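What the sequence shown shows, in full-length UniProt numbering, is residues 1 to 182, in sequence order.
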Amino acid sequence: MALAQAILTCLIDAPHSGYDLSKIFSESVGYFWNASQQQIYRELGKLESRGLIEAEIIPREGRLDKKIYSITDAGKQHLIGWMLQPSEPDIVREDLLVKIFAGGLVPVDVLVDDVERHRRIHVEKLAKYREIEQEKCPYADRLSSTEKLRRLVLHAGIRYESEWIAWCDEALATLKESEEQS
1 MALAQAILTC LIDAPHSGYD LSKIFSESVG YFWNASQQQI YRELGKLESR
51 GLIEAEIIPR EGRLDKKIYS ITDAGKQHLI GWMLQPSEPD IVREDLLVKI
101 FAGGLVPVDV LVDDVERHRR IHVEKLAKYR EIEQEKCPYA DRLSSTEKLR
151 RLVLHAGIRY ESEWIAWCDE ALATLKESEE QS
C-alpha cells in the first residue's frame, strides 16, 4: 500500500486539512499505516497535482490560509482500482528480531533491556487500541457495515500487539533461561 491510498481512504468520509490528516494518522490509521506530517503534506501536493484530491483554501486573518482537502471522483476511481488489485503481505523488517538472531554477540542483559522496552511499547499501543474500541465500538451489534469493517481493522491491531507482547514474554523467558545457564 502507498501513502496515497491511505490518504484517499481518510478523505472518503469527509474533507480534512493536512493537520487533521496528521492527527487521524497518529490516532487511528497509524496502527496499520505510519506517516509523518511532512510525508502527508508532500503526498497531498502530489495527489492534488494528479487531480485525485482538490483543496479549498480558507483564508485566516493573521495566520496562514487553511487548505481543506476532499477526494475527487477521479480519486475515488483511483482508490477503487487499487482496491480491486490483489494485495500482497508486507515483508517483515524488524530490527529487534535481527538483534535476537545475532544475540550471542552481546551480553544477554542488553537483549533483555531491548525486549522489555519493546514489550512496554506494545503494551501501551494495546491499551490505546482497547481504549479506541471502548470509545468507538461500545455496541458492536449496532455498528454500520463500514463501522464493522473499521472495527475489524482495529481488531487486527489488537491481535498484532497482543502477539508481540506474548512473543516478548517468550523471548524474555528464553533469554533469562540462557543467562542462568551461562
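Glycine included, each C-beta is placed from N, C-alpha and C at the ideal position.
Only a predicted model underlies this, so the values are computations on that prediction, with no experimental measurement involved.
- Counting C-beta pairs with one atom in each stretch, the segment 154 to 170 and the segment 126 to 137 have three or more that are closer than 8 Å, which means they touch.
- Under a 10 Å Cβ-count criterion, S87 is classified as exposed, with fewer than 16 other Cβ atoms of the shown protein chains found around its own Cβ.
- For E54, the three-state secondary structure derived from DSSP is strand.
- Taking C-beta atoms under 8 Å as the contact rule, T9 and L84 fail to qualify, at a distance of about 14 Å.
- Between the beta-carbon of I71 and that of L11 there is about 4 Å, and that keeps the pair under the 8 Å contact cut.
- Residue burial is scored here from C-beta neighbours: D109 has fewer than 16 other C-beta atoms within 10 angstroms and is therefore classed as exposed.
- Within the same chain, and ignoring the five residues on either side of E43 in sequence, the residues whose Cβ sits closer than 8 Å to its Cβ are L3, A4, I7, A35.
- L154 has its alpha-carbon roughly 15 Å from the corresponding atom of S144.
- If you ignore the 5 residues before and after G51, its C-beta comes within less than 7 Å of the C-beta of T72, A74, all in its own chain and listed in chain order.
- Taking C-beta atoms as the reference points, V115 and A171 count as a pair closer than 9 Å.
- I68 is positioned such that its CB atom lies closer than 9 Å to that of P15.
- Take S17, set aside five residues on each side of it, and the residues of its chain with a beta-carbon closer than 8 Å to its own are K66, K67, I68, Y69, in chain order.
- Take Q39, set aside five residues on each side of it, and the residues of its chain with a beta-carbon closer than 8 Å to its own are L3, in chain order.
- With a cutoff of 9 Å on beta-carbon distance, C137 and E147 are scored as near each other.
- Taking C-beta atoms as the reference points, R119 and W82 fail to come closer than 9 Å.
- For the pair Q37 and S49, the CB atoms are not nearer than the 9 Å cut-off.
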